[in-house]
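Each remark here refers to the structure printed beneath this line.
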Amino acid sequence: MSSDFYTTQILPYAAIIIKICRAYTDTQEDFEDYYQEVCLQIWRSKDSFKEQSAWSTWIYRLSLNVCLTFLKKKKNNKQNAPSDLLPDEVLVDSRAFADESLNQLYSAIRQLSEIDRGVILLYLEEKSYQEIADIIGTNTNNIGVRITRIKERLKKILSN
């Protein structure tokens, strides 16, 4: 990957990628793997970007797809290899995982379904319902109802 492409096409959207990867990982190591894979996939598939949406929308969609794919692979591997560690027990103290209130929020978000995680992250990024629907691949009417239910679920999780 050329440093120019990374600097001009990925780095300006690093916050998006970081937030999405953070919502789908429990450890710094996993976070770094997901982030690296998202960047690699952006570079590999840059020529398939057809400009039918904004570059940021495409970054969101690609980031979500990479994280969901990694998560499925991880679940399949966990079924084959038992682990003594629970997700909250393996959090690593690092820059991305150092803020305790942020850790609580991400812990609550990780308790949502995989798609709901993406929806709430996009909502927190102040994306319109139409943008969220485009990225997630659903209709706009579904998004409003889904966000209301997600917010209620997060309130319950965080109040416990």
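Take the sequence shown: its letter number 49 is residue 48 in numbering that gives the first Met the number 0, and every next letter is one higher. Every residue gets a Cβ at the ideal spot worked out from N, C-alpha and C, and that includes glycine.
Just the C-alpha distance for D46 and S106, rounded to the nearest angstrom, thanks.
The straight-line gap from Cα to Cα measures roughly 35 Å.
What is the C-beta distance between I15 and S62, in whole angstroms, given that I count them as a contact (C-beta under 8 Å)?
Yes, they are in contact, since the Cβ atoms of I15 and S62 sit about 7 Å apart, within 8 Å.
So, does the segment 26-46 touch the segment 110-127, judging by three or more C-beta pairs under 8 Å?
With the cut-off at 8 Å, the segment 26-46 and the segment 110-127 do not touch.
Kindly indicate which residue of A132, S2 and Q103 has the alpha-carbon position closest to the one of I114.
Residue A132 is the option with its Cα nearest to I114.
What does the alpha-carbon distance come out to for the pair E151 and L10?
A straight line joining the alpha-carbon of E151 with that of L10 spans about 34 Å.
Straight-line Cα distance separating E50 from N102
Here the alpha carbon of N102 sits roughly 35 Å from the alpha carbon of E50.
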